[in-house]
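Just so you know, the protein sequences line up as chains A and B, in that order.
Residue 139 in our numbering sits at position 139 of the first sequence, and the numbers go up by one each step.
Start counting at 1 in the second sequence, then tack on 1000, and there's your number in our numbering.
This report concerns only the one structure given below.
There are 2 protein chains.
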Amino acid sequence: MFDTDIHADLQHRLISNGFEHGEKLRAEQLKQHYGCSASTVREVLFRLASEGLVDFQEQRGFRVPAMSATLLAELAHLRILIEAEGTALSIRHGGVAWEARLTAAHHQLSHIEKRIHAAEDRSPFEGLWFQAELEFHQTLIAACQSETLKATHLQIYQRFRQQLMVADRSFDFISKNIQHHHAILVAALEGDEALTREKIHDHLARHLDPANQTQNPQASRSSAI
Amino acid sequence: MFDTDIHADLQHRLISNGFEHGEKLRAEQLKQHYGCSASTVREVLFRLASEGLVDFQEQRGFRVPAMSATLLAELAHLRILIEAEGTALSIRHGGVAWEARLTAAHHQLSHIEKRIHAAEDRSPFEGLWFQAELEFHQTLIAACQSETLKATHLQIYQRFRQQLMVADRSFDFISKNIQHHHAILVAALEGDEALTREKIHDHLARHLDPANQTQNPQASRSSAI
DNA sequence: TTTTCTAATAATTTCGAGATTTTTGTGGAA
DNA sequence: TTCCACAAAAATCTCGAAATTATTAGAAAA
């Protein structure tokens, strides 16, 4: 197994409930899971630290970043800023091909969200939903013609997702999300940059206020994810 | 010497003419310069790679990113986006203390720029100017109340600076820069968010068009830095 | 001459042991 | 009981050698 694979796998676990918030990441433990040496794990952890998905302190090792309402709000703010800009650029430069791809991405996401809405046990859809939601938001900025903007957006998106990971997801957010995603799609297809920016803002607005965040999962009603 | 120091030193060399564009970074060479093992150097290089200051390819080692007019334009675009947003937030939340600090930072930068303008040999001022210019632009966003925005801005700023590093600096940009920095200061102190955004845009606008960039230093007239 | 295969060289990557530092655990004094 | 010092344990960090992979150089064939 290459260290690239370890990087990809750890990245995935770090943004989708693979670890607890604040959990210590020991190279000695992980080397058994991946069947390689501690040095190799250490190398990967350093890379993840520079991406912001892992906290590093000299002589004190690595940790999963703790849950922080302030950090989540800051990440939401940056996501709105970058995603709105990227989408506006896509509207300008994307053309019909981009509109088609966006419609497809939304269709897929919408389909999964409706199935989740109807299902009894929602857990088997989690992975699918994550993938489709990421694909939709990446497609929004896909035609912005700036690889740097896309890469920066992905970093922020992943850290945002990581902040929201919790063991017991309420998943009651779905009906609102369906409306949000649809509103963004419609505004983008109409070519209305200002309206699209507004809808992207609305989609993430509830995460902007630190006081709004539910620190305790069992007390959550209408937020989370 | 701790690896943190090596990281800081390499980072500095990478954004201020310490290496050639596209130059190969061999761990075996650098370990002699820093008096440590190749593994330690390798670790630092990985961290710098995640920051975007070094390019990494599996089984092909590390390189200083090549000069790219497209990349510079993309970085300029992102800098404008983030710096304008951060400054607008600072205007809203900064208060008198921030205005005072911004005035001080501008005074210092302006002082150095005037001395450079008058001097025969400009090279001894390079380091001072770099520091003062960074301090001014960081102060602009200092009161935005988002550590994440500040950290993201620093990453983009450093990569932007790295793209502009060249052996023979013409330094004829100075008179324009003095005006730009002053215009930003005045707009910010007046509390005019829209005007401040515009002036930040104007300051970096010439880097936005890839066709505008001078790939060949000796042919440069009015651009660079 | 140009192309292709092979051998030699050089670079990258992995690994585990030893050195250093932090954390944990125990016992004694205030 | 609470605090501090000291010892033991565990974790982190550094290092150089061995294994793997890429690059170069030269010879043979087209």
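The beta-carbon is built from N, C-alpha and C at its ideal position, and this holds for glycine as well.
How about residue i: is its C-beta nearer than 8 Å to some C-beta of chain B?
{"i": "residue 16 (chain A)", "result": "no"}
{"i": "residue 28 (chain A)", "result": "no"}
{"i": "residue 135 (chain A)", "result": "no"}
{"i": "residue 85 (chain A)", "result": "yes"}
Under 8 Å between C-beta atoms, does residue i make it to chain A?
{"i": "residue 1146 (chain B)", "result": "yes"}
{"i": "residue 1161 (chain B)", "result": "no"}
{"i": "residue 1168 (chain B)", "result": "With a pLDDT of only 48 at residue 1168 (chain B), under 50, the local geometry of the prediction cannot be trusted, and the value read off the model is given with reservation. Chain A contact via Cβ: absent."}
{"i": "residue 1198 (chain B)", "result": "no"}
{"i": "residue 1081 (chain B)", "result": "yes"}
{"i": "residue 1043 (chain B)", "result": "yes"}
{"i": "residue 1218 (chain B)", "result": "For residue 1218 (chain B), the pLDDT reaches just 37, beneath the cut-off of 50, and the residue's location in the model is therefore unreliable, although a value from the coordinates is still provided. No, its Cβ sits nowhere closer than 8 Å to a Cβ of chain A."}
{"i": "residue 1206 (chain B)", "result": "no"}
{"i": "residue 1021 (chain B)", "result": "no"}
At a CB-CB cut-off below 8 Å, which residues of chain A make contact with residue i?
{"i": "residue 1075 (chain B)", "result": "148"}
Which residues in chain B have a C-beta closer than 9 Å to the C-beta of residue i? List them in chain order.
{"i": "residue 154 (chain A)", "result": "Ordered by position in chain B, no residue passes the 9 Å Cβ test against residue 154 (chain A), which lies about 13 Å from the chain."}
{"i": "residue 71 (chain A)", "result": "1147 and 1148"}
Who does residue i pair with in a DSSP beta bridge?
{"i": "residue 1063 (chain B)", "result": "B:1024 and B:1055"}
Could you tell me which chain A residues have their CB closer than 9 Å to the CB of residue i, listed as they occur along the chain?
{"i": "residue 1004 (chain B)", "result": "58"}
Using C-beta distances below 8 Å, list every residue in its chain close to residue i, excluding the 5 sequence neighbours before and after it, in chain order.
{"i": "residue 152 (chain A)", "result": "82"}
{"i": "residue 1116 (chain B)", "result": "1122, 1125, 1129, 1171 and 1174"}
{"i": "residue 120 (chain A)", "result": "none"}
{"i": "residue 1086 (chain B)", "result": "1140, 1141, 1144, 1146, 1149, 1150 and 1153"}
{"i": "residue 1077 (chain B)", "result": "1208"}
{"i": "residue 1025 (chain B)", "result": "1019, 1045, 1054, 1061, 1062, 1063 and 1064"}
{"i": "residue 182 (chain A)", "result": "106 and 110"}
{"i": "residue 185 (chain A)", "result": "102, 103 and 106"}
{"i": "residue 1135 (chain B)", "result": "1105, 1108 and 1109"}
{"i": "residue 255 (chain A)", "result": "An answer regarding residue 255 (chain A) cannot be provided, because it is not within the stretch 1 to 225 covered by chain A."}
Please go through the same chain and pick out, in chain order, the residues whose beta-carbon is closer than 6 Å to the beta-carbon of residue i, but skip the five residues on each side of it.
{"i": "residue 1113 (chain B)", "result": "1174 and 1178"}
{"i": "residue 1104 (chain B)", "result": "none"}
{"i": "residue 180 (chain A)", "result": "203"}
{"i": "residue 1023 (chain B)", "result": "1064"}
{"i": "residue 227 (chain A)", "result": "Nothing can be reported for residue 227 (chain A): it is not among the residues displayed for chain A, which extend from 1 to 225."}
{"i": "residue 165 (chain A)", "result": "17"}
{"i": "residue 1073 (chain B)", "result": "1208 and 1210"}
{"i": "residue 66 (chain A)", "result": "21 and 22"}
{"i": "residue 56 (chain A)", "result": "49 and 62"}
{"i": "residue 273 (chain A)", "result": "In the structure displayed, chain A extends from 1 to 225; residue 273 (chain A) sits before or after that span and is not available."}
{"i": "residue 176 (chain A)", "result": "none"}
{"i": "residue 1201 (chain B)", "result": "1080"}
Grab me the residues of residue i's own chain with a C-beta within less than 7 Å of its C-beta, minus the 5 sequence neighbours each way, in chain order.
{"i": "residue 51 (chain A)", "result": "155"}
{"i": "residue 1197 (chain B)", "result": "1084 and 1088"}
{"i": "residue 1187 (chain B)", "result": "1195, 1196 and 1199"}
{"i": "residue 90 (chain A)", "result": "98, 140, 141, 142, 143 and 144"}
{"i": "residue 1010 (chain B)", "result": "1044 and 1048"}
{"i": "residue 71 (chain A)", "result": "163"}
{"i": "residue 1133 (chain B)", "result": "1109"}
{"i": "residue 189 (chain A)", "result": "99"}
{"i": "residue 137 (chain A)", "result": "83 and 157"}
{"i": "residue 193 (chain A)", "result": "88 and 91"}
{"i": "residue 1075 (chain B)", "result": "1156, 1159, 1160 and 1163"}
At a CB-CB cut-off below 8 Å, which residues of chain B make contact with residue i?
{"i": "residue 47 (chain A)", "result": "1046, 1047, 1049 and 1050"}
How would you list, in chain order, the residues of chain B whose beta-carbon sits under 7 Å from the beta-carbon of residue i?
{"i": "residue 78 (chain A)", "result": "1148, 1149 and 1152"}
Query raised in the report: Three or more beta-carbon pairs under 8 Å between the stretch 21-31 of chain A and the stretch 1021-1037 of chain B, yes or no?
Result: no
Query raised in the report: On the three-pair Cβ rule with 8 Å, is the stretch 137-148 of chain A touching the stretch 41-58 of chain A?
Result: no
Query raised in the report: Do three or more CB pairs link the stretch 10-20 of chain A to the stretch 157-165 of chain A at distances below 8 Å?
Result: yes
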